[in-house]
Structures are given as C-alpha cells and as structure tokens.
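Everything on this sheet refers to the single structure shown next.
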Amino acid sequence: MKLFKFNPVFYVVFAAFLLCACSKVEMTPGIYNGTAKGHNAPLNVEVTVSEHAIEAISVKEHKETPGVSTPAFKNVLQAILDNQSVDVDAVSGATVTSNALIEAVTKALEQTGADMSFFTKSVERKVKGKKIKKTADVVVIGAGGAGCAAAVQAHQCGASVIIIDKMAAMGGNTILAGGIQNAVKDGSAQAIANNDSQEKFFQQTISGGDYQGDTALVRILTSQAWDALEWQESIGMKFGRTPSSVPGSLGNRGYGVQGGANGYFVAYGKYFESNENIELMLSTKALDLIEKNGRIVGVKCSDDAGNDITLMANKGVVIATGGFGQNVAMRQKYNEQWEDLGESVKSTNSPAITGDGIVMAEKVGADLVQMGNIQLLPHADPETGRLGNIAGASGNGIFINKEGNRFVNEAGRRDEMSHGTLAQTDGVMWIVVGGFRGFGPGFGGAGGFGGGDSENGDASIIFHKTDNTITAQTIEGLAEGMGVPVKNLKAAIADYNKRYLSTKPDKFGRDLFLSKIEPPYTAQLRKPAVHHTMGGLRIDTDTHVLDKDGNAIPGLYAAGEVTGGIHGTNRLGGNALSEIVVFGRIAGRNAAGGK
Ligand code: ADP
C-alpha cells in the first residue's frame, strides 16, 4: 500500500489554492427579486448581479412614507453596493424601511446560488462616542416647517444658526402635507371673489376651534399669513394664485406651493447650502435642554454614530419638534375627545412625531395647554394611516357608508367628519369623486385616476387593493366594487349632482358643491387617523415658552405643532402650514434678537 507522505510545501500550496478559489463569490448572473414587509405594505427590490458582484439594486414596489423613507432608499442601498454586504446600518427614523430593504435584498441574493457568507461580512463602522461641542447664536430643534422658517428668519436677522433634526432628512410632518396654506390679502381679487377677509379668516378659525383658540395668537396667524407667503416667495418658493378649499378649511383661501410640500424644503435646503453661518445637522437628536442660572443656553444631543453633541446657544433655543401624533402613550394620556386613541388608531404622521419637545420643555418647567385636543382626519388609509391620493372631497365629492348612503357634511369641520365616520358600520367610509380632483401630494398629487385599465380587461371596475381604490365607468360598477347597494349610491350621487354650485345648505348643512360627480368614478376606502395634536407648549405672542406662572422661560422659544392653544378643539385644514411659517418667523426673529 502506497502511503502519502506529509509534504509541507504541498499543503501550503493547496491551502492557498482553496483560499484563492473561495475569495470571490460565485453567482449566476441575472436579475433577482426579493420581497419583505415594509412599514406600510410589502416592499419589493430587484437586484442585478454579475458572476462575482452585486451590480445594481432598485426598488420596484413599495408604499413607504414619502420623505421619511427616502434616506433609507438612498443610504441603505448605496451602503450595500459599496460594501457588497447586507451587514449595513439602518437609517435612523426609517429603521423599518431600512430593515425591509436589507431583508428583501438578502432574499434576492439567496436565489443567486451565492455562498451568503460573502454578503454578511461585517462592515467597518465609524468610531463611536466622540464628544462634540458647537456654538451658535440660535439653535433650532427640528427641521420641519416651523424649524426651517425659524432658522432662515434668525439667519436673516444676522444670527449664526444651527438647525438639527433627528431624522436623516428634513421635512417632518410638513413634507407629508398637501402643501396648501391658508392666507388672505384684504382687498385682493381673490378675497373679493370669495367674499373673504382676514377678519372672516379670524372668525372662522376661532369659531371652528369652539372659541378655545387664543385670540391674540389667532389674530397674528390670520393677519400675517399673507406676509408669510410672500416671505416664502422671497426665498424661492412659488405659489399659485388660484385659491382652493382644503378639506375642513371652511373657506376658499388655500394657496398651493409649487412642487407640493416638498417645494418648501427644496427652497429651505438651498438656503442652508448657499449661506454661511447656518448649519443643518441631520440624524442629530435633541435629548435635553441645558439650563444655566434659569436661562436655556443649549441642547444636549446624540447622533447616529453614537456621538455626544453639545450645542450651545448664545441667544436662544427654538423648539420646533412638531406634535405627538405618533406617540400612542401620550395620545392615550391626554385624549379627551375620542373614545380610544390606542394602537388600533393609525396616524397620518411621520414616525418622528413623538412629542420630544414637549417632554424636554416640561422638564425645565414649561406649561402645557389644551393637550386633550387631538385631531383625527377622516381621509386616511384604514391599514396604513397614510393620506389618500384623491381629494378629501371638501367641495368635490361625497362620503358614502357601507349602506351606500351619505351621512355628513363633507365640506364641514374635521372633527365632525371624523366623528360621523366612526359612527358608521366598521367606522369607515368611501370617498367618492368624479374623475380626479387633486389637492397636491397628500390630498391629490400629480396624475390621478382615469377610467379603465386595459390590462385588466374589465374597464368598468378596477380594484387597486393596496390603495383600497375602485375606479369604474358606471355607478353600477362602482357600487359592485365597493360592495354597497347600487340604488342608494345612485340616489346619493344624483342628489349631490343636482346641487352643483348651489350655496343652499343640504340636509347635512353642506353648502359647497364645486364639481359634479361624473364618470370615470373613483372611490377610496377611508378611516379616521390621528393627524394633528392641537395642544402643546404654552407660548406668548413673542413665542416665548411660558412656565406654569405665565412667565417666559429666558432663552426658550417654540413654534409650530409643538405649541398649543392656537387652534382650539379643531384645527382648520390649511391653517397649520400658515401657522408654522408665521410663528416660526417670529421665533427666529426674537431668538436672534435675544428678545
Ligand atoms: P411643524 O409642522 O411644527 O414644523 P414637523 O412635524 O413638520 O413640525 O417637524 C418637526 C421636526 O422635528 C421633524 O422633522 C422631526 O424629525 C423633528 N424632531 C422631533 N423630535 C426631535 C428631536 N428630539 N431632535 C431633533 N429633531 C426632532
């Protein structure tokens, strides 16, 4: 028998051969798909691989929240490509989307025949735990609508500014809105045509909130909203000059920004990039306010890399962290208007909207006002809470219950529409409109609904399951798709169409009928979801945050949804987007001036 003798040279060469053979991943080139559960719905990616590498990744299908998910799409997919590994970090504030992307890419790669250990090798991480200290005249917490307005205004007043956001992108809830803000210029052609005035705007805002709104703050909002719009134009935003009626606005004074709400942040982003002494720090979360001798002098923060960041403010700190619509515990704690605001009630809000600023300011003695006033918007997707892509039907459509009947004034107050909807079978309704009536992203957006879908083969009923949407050429087709009695639906549409352009109230008190409901018909199943928290930090007309004795807390200002007491029990549609600019500017100006 021949024995192999131990030959060290042979073994070294053989080991080197093995190492070499395995140092490259082997795959069958092609395009592979992977699906994982996203934040709102399944998310599908397409991964292109060559023999030895991932070449490209694209997201084919998703229903993630616009704005919030964008950094995850960009950063996570780029990191996977750069590192040729799925062991990459999630983006803060978009963890669910990030993890879904990682899982979907992993599933696609598993089909390539690759040894998956090549794709799970760990990626070098940044060093964590550094201590960073920066100083500016004004520090703004939150880069949503109010924060950006405050930062730009403070900078225009000569202050150096640092603005932070805990998310990887600017925008907050504001970027998810329709981008239509209420404003009135007394004596303008639009005001005359709509029989409108700043006084009427004021009266409707006060009465629409059941007289709980602070009259001095509402006066500022309604009288300065037009100036705010012109100031926004001065920094690059463009507004149409034909007003529309945002659902629940009670008036025809909504002006849309070009590009939808994203248009706000394109302009703010350009301002931050093209000016010195104003710095935007993303993925930077404010944890606590720093107090010295009774004055707020800075903010303690941490960033995504685990660094401790101290931001000192020579003149003032502005809190603009938005409301608490996504903080279920706070909703439950403060709710006074609804039977239940627990987990089962969805929110239209960004996941970032968790009441952080309220909690931080409370710790330094801030007073809270009207925390029980929480707004539900009736137009949300029953499964995700997202706003639909057809109009909220303020003047253009009707709400239909499961029995095929109308039940409320669809051009009325948001709380009445939501209470009315919750009282129907299963607490849901269908918005029915003719063709497409858009209000910009959130309420409308580009595109719209046509009649048939030739690929489907049946042009009369098309059910887009993910959107809970039906389009149909006939009322019969629509009723069948919705599962409601056709007789009732026909009668409801006929009655509505009869009232086209009438201003005589119908039996629900509706007096706004801006368009007919004609083919092609669209219906979208909707359920009320938490939209706006009207309570928050008590402020004065200079946006100082007040303590429990009504005194200003030196150095501390607040603006936007984090504040309370402006809208009373019920915020009018289109008023928040004006409020954030009007009060954001006041906060920025006063913080810069140390007022
Ligand atoms: P508003 O409408 O009042 O401007 P938004 O919801 O548009 O409010 O914006 C609030 C912003 O504040 C969001 O972008 C959110 O990510 C940010 N934010 C919330 N909490 C913190 C925090 N602790 N640190 C930094 N940013 C925060």
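Residues in the sequence shown are numbered consecutively from 14, following our numbering.
All residues carry an ideal CB built from backbone N, CA and C; glycine is no exception.
Residue i: CB within 7 Å of a non-hydrogen atom of the ligand ADP
i       : result
Thr-334 : yes
Gly-601 : no
Val-594 : no
Ile-177 : yes
Gly-185 : yes
Glu-574 : yes
Gly-160 : yes
Ile-387 : no
Ala-156 : yes
Ala-424 : no
Lys-298 : yes
Asp-369 : yes
Ser-287 : no
Met-180 : yes
Ala-589 : yes
Ile-366 : yes
Ser-111 : no
Ser-130 : no
Ser-363 : yes
Beta-bridge pairing of residue i - partner residues as DSSP gives them
i       : result
Pro-55  : Lys-50
Gln-537 : Ile-444, Thr-482
Gln-194 : Tyr-268
Ala-69  : Thr-61
Val-151 : Val-174, Gly-329
Gly-578 : DSSP lists no partner for Gly-578.
Glu-292 : Ile-175
Thr-125 : DSSP lists no partner for Thr-125.
Gly-549 : Val-382
Cys-314 : Ala-299, Ile-322
Phe-252 : Val-270
Arg-308 : Lys-305
Leu-569 : Val-330
Leu-400 : Ala-393
Phe-86  : Answer is none; Phe-86 lacks a bridge partner.
Nearest residue (CA-CA) to residue i, options the options
i       : options                            : result
Leu-538 : Lys-511, Ala-600, Glu-246, Met-495 : Met-495
Ile-322 : Asn-207, Leu-300, Gly-126          : Leu-300
Gln-383 : Glu-352, Val-421, Ile-411, Gly-336 : Gly-336
Asn-88  : Gln-350, Ala-49, Ala-107           : Ala-107
Ile-599 : His-75, Trp-244, Asp-555           : Asp-555
Lys-73  : Val-118, Ala-333, Gly-185          : Val-118
Ile-303 : Met-325, Gly-355, Lys-143          : Met-325
Glu-116 : Lys-147, Pro-55, Ala-505           : Pro-55
Gly-440 : Ile-483, Gly-410, Asp-353          : Asp-353
Leu-263 : Gly-282, Arg-602, Asn-208          : Asn-208
Ala-492 : Leu-525, Asp-508, Thr-535          : Thr-535
Lys-143 : Ile-483, Asn-320, Glu-356, Ala-424 : Asn-320
Val-445 : Ile-488, Trp-351, Ile-332, Asp-560 : Ile-488
Lys-298 : Gly-577, Ser-431, Met-183, Arg-584 : Met-183
Thr-397 : Gln-91, Pro-541, Ser-173           : Pro-541
Val-330 : Asp-95, Trp-443, His-557, Ser-210  : His-557
Ile-593 : Ala-190, His-52, Glu-39            : Ala-190
Glu-286 : Asn-501, Lys-561, Ile-248, Val-595 : Ile-248
Ala-113 : Val-152, Ser-173, Gly-51, Ala-103  : Gly-51
Review point. Using 8 Å as the threshold, is the region 155–166 in touch with the region 266–284, meaning 3 or more CB pairs across them?
Key: When C-beta atoms of the region 155–166 are compared with those of the region 266–284, three or more pairs fall below 8 Å, so the two segments count as touching.
Exercise for review: Determine, using beta-carbon pairs with one atom in the region 294–313 and one in the region 338–349, whether at least three such pairs fall under 8 Å.
Suggested key: These segments do not touch.
Practice item. Count the CB pairs spanning the region 38–54 and the region 117–127 that are closer than 8 Å, and state whether there are at least three. Key: Pairwise C-beta distances place the region 38–54 in contact with the region 117–127, as three or more of them are shorter than 8 Å.
**Study point:** Validate contact between the region 559–575 and the region 127–134 using beta carbons, cut 8 Å, 3 pairs
**Key:** Fewer than three beta-carbon pairs drawn from the region 559–575 and the region 127–134 are found closer than 8 Å, and the two stretches are therefore not classed as touching.
Check your understanding: Taking one C-beta from the region 585–605 and one from the region 190–199 each time, how about it: are there three or more such pairs within less than 8 Å?
Key -> Touching, per the Cβ criterion.
Review point. Between the region 236–243 and the region 549–563, do at least 3 Cβ pairs fall closer than 8 Å?
Key: Touching, no.
Check your understanding: For the region 363–383 against the region 415–431, are there 3 or more C-beta pairs whose distance is under 8 Å?
Key -> By the Cβ criterion, the region 363–383 is not in contact with the region 415–431, since fewer than three pairs of Cβ atoms, one from each stretch, lie closer than 8 Å.
Review point. Taking contact to mean at least 3 C-beta pairs separated by less than 8 Å, is the region 389–396 in contact with the region 571–580?
Key: The region 389–396 is not in contact with the region 571–580.
Check your understanding: Contact between the region 513–525 and the region 355–372: three or more CB pairs below 8 Å?
Key -> No contact exists between the region 513–525 and the region 355–372.
Point to revise | Touch test, the region 203–213 against the region 261–270, Cβ-Cβ under 8 Å, three pairs minimum | key: The region 203–213 is in contact with the region 261–270.
Review point. Does the region 161–177 come within contact of the region 287–297, defined as at least 3 CB pairs closer than 8 Å?
Key: Segment contact: the region 161–177 against the region 287–297, three or more CB-CB distances shorter than 8 Å; contact assigned.
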